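Reading through the structure tokens given below for one structure.
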Amino acid sequence: MNEDRYDKIDELMEAFQQFSRINWQKNNPSLLKPSEIRVLITIRLGTEKSGKPVLTISDISKMHKVTSPTITQMVNSLLAQGYVVRTSDAQDKRVSGIALTDKGVRLADAAIARIRDTFKGMIDYLGKERSRALIELLNGVYHYFEEINGQLED
Numbered sequence: 001m002n003e004d005r006y007d008k009i010d011e012l013m014e015a016f017q018q019f020s021r022i023n024w025q026k027n028n029p030s031l032l033k034p035s036e037i038r039v040l041i042t043i044r045l046g047t048e049k050s051g052k053p054v055l056t057i058s059d060i061s062k063m064h065k066v067t068s069p070t071i072t073q074m075v076n077s078l079l080a081q082g083y084v085v086r087t088s089d090a091q092d093k094r095v096s097g098i099a100l101t102d103k104g105v106r107l108a109d110a111a112i113a114r115i116r117d118t119f120k121g122m123i124d125y126l127g128k129e130r131s132r133a134l135i136e137l138l139n140g141v142y143h144y145f146e147e148i149n150g151q152l153e154d
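For the sequence shown, UniProt numbering assigns the number 1 to the initial residue and increments by one for each residue that follows.
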């Protein structure tokens, strides 16, 4: 009887595996990597949400839950391509901020619009109630993995 609750384990594993095979960025008209586009989006939404004109590498790395050197590499690439600029803090010259250029704003806004349209389509496809249930379930799954990952690190 106790094993019945695990009878769908293979189907659950397969459902998660399907997401690794989806090409989320299929309609990406830019030559940027998906990770670079995510950084642009993070800067765009992060500055809007915080009201700050720039974000630091540390801010961005915390939002992505990756190391600062990983973000620095992407920011340097975006800098070289003209999507972002680096600014100095007037009080502390060791701190530099990252801001989008006009080119970066246009690409980030276009990417945000594409992503929102994709999720609007999913809501239309699933319906409002099933979409709410999905949000609740996915948040629960996320918290579960956060919890077990925290336990594994202890």
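Just so you know, even glycine gets a beta-carbon here, dropped at the ideal spot from N, CA and C.
Predicted model only: the values in this text are computed from it and were never measured.
Within the DSSP bridge table, the entry for Gly97 names Thr87 as partners.
Under the DSSP assignment, Ser30 falls outside any alpha helix (DSSP H); it carries neither an H nor an E label.
One alpha carbon belongs to Ile135, the other to Ile123, and they sit about 11 Å apart. The Cβ-Cβ distance between Ile57 and Ala111 does not fall below 8 Å. Bridge pairing for Leu12: absent [DSSP]. In the DSSP secondary-structure assignment, Leu40 is not bridged to any residue.
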